[in-house]
Amino acid sequence: MSNNESEIFYIIGSIMTILANVPEITGHIKIKLQLNEFIKHHKIL
325 MSNNESEIFY IIGSIMTILA NVPEITGHIK IKLQLNEFIK HHKIL
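Taking the numbering used here, the leading residue of the sequence shown gets 325, the next gets one more, and so forth.
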């Protein structure tokens with residue numbers, strides 16, 4: 325395996341890792357946004 329090929333595999337691996345983590349990251353963002361709305365709502369009351 326040449327150096328170029330191993331770099332390509334490394335990049336593909338990185339992209340796959342990021343894509344695998346995207347649902348978790350977006351889930352955390354959604355939870356934070358919901359918490360912020362919840363807190364704002366209760367400060368008004």
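We put the CB at the ideal spot given by N, CA and C, even for glycine.
- Taking H352 as the centre and dropping the five residues before and after it, the same chain places no C-beta closer than 8 Å to its C-beta.
- Its chain contains no residue whose beta carbon lies nearer than 7 Å to that of H365 once the 5 sequence neighbours on both sides are disregarded.
- Here S338 carries a helix assignment [DSSP, helix/strand/coil].
- Per DSSP, reduced to three states, the secondary structure at S330 is helical.
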